[in-house]
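If you're matching positions, the first sequence starts at 5 in our numbering and goes up one per residue.
Please read the structure below before turning to the comments.
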Amino acid sequence: MPRANDEAAAALREYADLFALSGGDAFRVRSYQKAAKAVAGFAQDLTPDNVRTVPGVGDAIAKKITQFLKDGSFRQLDDLRAKIPDGVRQLTRVPTLGPKTAIMLFETYGIDSPDALAEAIAAGRLAGVKGLGPKSLTKLLKGIEQLRQNAGKVHIGVAMSMAEQVIAALSDSADRIDYAGSLRRMKDRIGDVDILAVAPPSIMAEFRAQSYVTEVIAGGDAKTSVMTTEGLQIDLRVVPAESWGAAMQYFTGSKEHNVALRERAVKKGWRLSEYGLFDGEDVLAAAEEKDIYAKLGMQYVPPPLREGIGEVEAAVRGELPLVVELSDLVGDLHTHTDLTDGLASLADMVAAAADRGYAYYAVTDHAPDLAMQRMTLDKMLRQREELRQLQRRYPKLRLLHGTELNIGPDGSVDWPGDVLADFDVCVASVHSHFDQPREEMTRRFITACENPNVDIIGHPTTRKIGRREPVDADWDAIFQVAARTKTIMEIDSYPDRSDLPVDLVRLAKHHGVKFSVDSDSHAIPHLAYQRFGIGIAQRAWLTVDDVVNTWPLTRLREFIGRDH
DNA sequence: GCCGTTTTCGGCCCGACTGTTTTCAGTCG
Numbered sequence: 005m006p007r008a009n010d011e012a013a014a015a016l017r018e019y020a021d022l023f024a025l026s027g028g029d030a031f032r033v034r035s036y037q038k039a040a041k042a043v044a045g046f047a048q049d050l051t052p053d054n055v056r057t058v059p060g061v062g063d064a065i066a067k068k069i070t071q072f073l074k075d076g077s078f079r080q081l082d083d084l085r086a087k088i089p090d091g092v093r094q095l096t097r098v099p100t101l102g103p104k105t106a107i108m109l110f111e112t113y114g115i116d117s118p119d120a121l122a123e124a125i126a127a128g129r130l131a132g133v134k135g136l137g138p139k140s141l142t143k144l145l146k147g148i149e150q151l152r153q154n155a156g157k158v159h160i161g162v163a164m165s166m167a168e169q170v171i172a173a174l175s176d177s178a179d180r181i182d183y184a185g186s187l188r189r190m191k192d193r194i195g196d197v198d199i200l201a202v203a204p205p206s207i208m209a210e211f212r213a214q215s216y217v218t219e220v221i222a223g224g225d226a227k228t229s230v231m232t233t234e235g236l237q238i239d240l241r242v243v244p245a246e247s248w249g250a251a252m253q254y255f256t257g258s259k260e261h262n263v264a265l266r267e268r269a270v271k272k273g274w275r276l277s278e279y280g281l282f283d284g285e286d287v288l289a290a291a292e293e294k295d296i297y298a299k300l301g302m303q304y305v306p307p308p309l310r311e312g313i314g315e316v317e318a319a320v321r322g323e324l325p326l327v328v329e330l331s332d333l334v335g336d337l338h339t340h341t342d343l344t345d346g347l348a349s350l351a352d353m354v355a356a357a358a359d360r361g362y363a364y365y366a367v368t369d370h371a372p373d374l375a376m377q378r379m380t381l382d383k384m385l386r387q388r389e390e391l392r393q394l395q396r397r398y399p400k401l402r403l404l405h406g407t408e409l410n411i412g413p414d415g416s417v418d419w420p421g422d423v424l425a426d427f428d429v430c431v432a433s434v435h436s437h438f439d440q441p442r443e444e445m446t447r448r449f450i451t452a453c454e455n456p457n458v459d460i461i462g463h464p465t466t467r468k469i470g471r472r473e474p475v476d477a478d479w480d481a482i483f484q485v486a487a488r489t490k491t492i493m494e495i496d497s498y499p500d501r502s503d504l505p506v507d508l509v510r511l512a513k514h515h516g517v518k519f520s521v522d523s524d525s526h527a528i529p530h531l532a533y534q535r536f537g538i539g540i541a542q543r544a545w546l547t548v549d550d551v552v553n554t555w556p557l558t559r560l561r562e563f564i565g566r567d568h
């Protein structure tokens, strides 16, 4: 992943937020937001020479980015940072609280953080404020509570990209270096990143000097903890080369998995620690993680399965499932282009898909009910024709013309039935009315599942990690229907969605539901997000039989009833 | 601030929902 792009995009997003808070023109705010998105989704690494070719970047923003690439910031950003406390920007992360309210609260009441806001509401200081009635204040308190629960955690996309950045920066100074912890177990929310290295002590100084380090929390020869610009803690540990495998095992966890492993060692009269597996003074295994599992007389347990939920027992019996791997995927069934809210053209997305070696690839732009996307029947048909033309260039890649439908409050979807029947695949997703009562929401999903033209339910819970809670529905009932109607549940790999979440994947599998691990790409770099969806699938013990886009196209077509 | 089968100004994805308003502002997708 191109890091300079991500950092520049973050700076532009921050600038857009601060610019909005300072009362800046809404259209200019949108220009910065648009540019940030385009920069993050730009397929090449950003340089002063190509920055002007990013769509949505004109002379003014190009100048800011160029300065950012050189100095790690730009003047206008520094100015606004000095004027508006970071806490005021944090205020806008409270759901239903936007820039207008945030700046009013700051300027009129001196409220400069979500905590200060909670305090002011509790103290009654905001009673009777114009525009903020009792219902609004209650909502704000609830939003602040949500924010607190997510505090200190980031989604896996942020953590992975930080970890890879650290490893890339330090790998020349280390014999071995890798990430462990919950990140290696592919959890969707990460509290801190654990990195292990076999390296001389001087690596610690190098680590502390990295540009993204904002604070050194603890610094010794064996372990250094820092806080980063993303608000994410990173621990770097130097471990002896001879106990690398034991250390990786120990620091990958989970705690419950390690307890089960140590119990097994004790039963054999041995001892397992982060330094190795020992029989008295004798080292049985230590340098390689795989040797530890082998010596303990069990199958190797892939990190995403290490949750202490029966995997140790299964591995001892030799009954661990052969979980699905990233390399098993032969297609992607949910992607966008710039015809709706994607960044790249159809031709560019398809070319990138072909590079990834897929057997099939579905283009699924939004349908007319998401009015903001301005989709029309005519546009859709023209896209289909363009796709058919492109198909001639890619004999090995089967291009599928699909759509991402909008599931309305009553469970109906957009486009008439005869139009739907002509698509190769239909994803259907909820994009609004997230607060329906549980019964209505359940009926809504069941209606969608029972629609014969709906093949896949996209990002089913619609959660956004740290920003939006999952919708409330009776998933047990929905999955029963989905299994009967052969409606596929999506594992949306976009890391802040990570949707379905693991526990619901397990529940759905229990009912016999099949899954599609899709990227939901809105830009070329997003195609690689499937690795996160595979992490979810592995954590739920899914095999290739559970995941439809590991199947040959003929089997997939037959399953969704589009084989005529 | 960006962009141009509107060529250098005048638009900029549009609509709905919510709570509060008595006609609408703010927020969200």
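Just so it is clear, CB atoms sit at the ideal spot from N, CA and C, and this is done for glycine as well.
Predicted, not measured: the structure shown is a model, and the values here were computed from it.
The beta-bridge partner set that DSSP reports for Thr112 is empty. Here the alpha carbon of Lys191 sits roughly 16 Å from the alpha carbon of Glu315. Within the stretch 171-217, the beta strand (DSSP E) runs of at least 3 residues that lie entirely inside it are, in chain order, 180-183 and 196-202. Contact between Val305 and Ala289 does not hold, since the beta-carbon distance rounds to 14 Å and is not under 8 Å. Shown here, Met231 sits in a strand according to DSSP, grouped into three states. Bounds of the beta strand (DSSP E) holding His370 are Tyr364 to His370. Here His568 is exposed, its C-beta having fewer than 16 other C-beta atoms within 10 Å. Judged by beta-carbon spacing, Leu281 lies beyond the 7 Å limit of Lys259, meaning their Cβ atoms are not closer than that value.
Glu444 and Gly462 have their alpha carbons spaced roughly 18 Å apart.
Secondary-structure assignment with DSSP links Thr465 through no beta bridge to anything. Within the model, the alpha-carbon separation for Asp382 versus Arg535 is close to 35 Å.
Beta bridge pairing from DSSP links Gly335 with Tyr364. Taking Ala66 as the centre and dropping the five residues before and after it, the same chain places the C-beta of Val55 and Arg56 closer than 7 Å to its C-beta, in chain order.
Between Ile125 and Leu145, the C-beta spacing is below 7 Å. In the three-state reduction of the DSSP assignment, Ser277 falls in the strand class.
Annotation for Ala351: Leu394 place their beta carbon closer than 7 Å to its own, counting only its chain and skipping 5 residues before and after. In this structure, the CA atom of Thr339 is about 10 Å from the CA atom of Asp345. When only Cα atoms are considered, Arg378 and Ile313 end up about 47 Å apart.
For Cys430, the pairing in a beta bridge is given by DSSP as Thr407. In the structure shown, Leu95 adopts helical secondary structure according to DSSP, grouped into three states. In the structure shown, Leu25 adopts helical secondary structure according to DSSP, grouped into three states. Annotation: the continuous alpha helix (DSSP H) that includes Phe536 extends over Gln534 to Arg543. Only residues of its own chain outside the window of five on either side were considered, and among them Thr100 have a CB closer than 6 Å to the CB of Lys143, listed in chain order. About 5 Å separates the Cβ atoms of Val485 and Ile450, confirming a contact at the 8 Å cut-off. DSSP, reduced to helix, strand and coil, places Gln237 within a strand of the structure shown. By the neighbour-count criterion, in which 16 or more other beta carbons inside 10 Å mark a residue as buried, Asp83 falls on the exposed side.
Taking 4 residues as the minimum length, the alpha helix (DSSP H) runs contained wholly in the stretch 280-328 are 293-299 and 315-321, in order along the chain. Closest by C-alpha distance to Phe427, out of Arg543, Gly406, Ser502 and Gln71, is Gly406.
Take Val521, set aside five residues on each side of it, and the residues of its chain with a beta-carbon closer than 7 Å to its own are Leu333, Ile495, Ser497, Gln534, Gly537, Ile538, Ala541, Val551 and Asn553, in chain order. At a Cβ-Cβ threshold of 7 Å, Ile88 and Leu130 do not count as neighbours. Following the DSSP letters along the chain, one finds Ser520 inside the beta strand (DSSP E) bounded by residues Phe519 to Asp522. Glu494 is bridged by DSSP to Ser520. If you check the CB distance, Val517 and Phe483 come in under 7 Å. Comparing alpha-carbon positions, the option among Ser229, Tyr216, Ser177 and Lys139 lying closest to Gln169 turns out to be Tyr216. Pairing Ala8 with Lys490, the inter-Cα distance amounts to about 43 Å. When only Cα atoms are considered, Glu293 and Ala532 end up about 27 Å apart.
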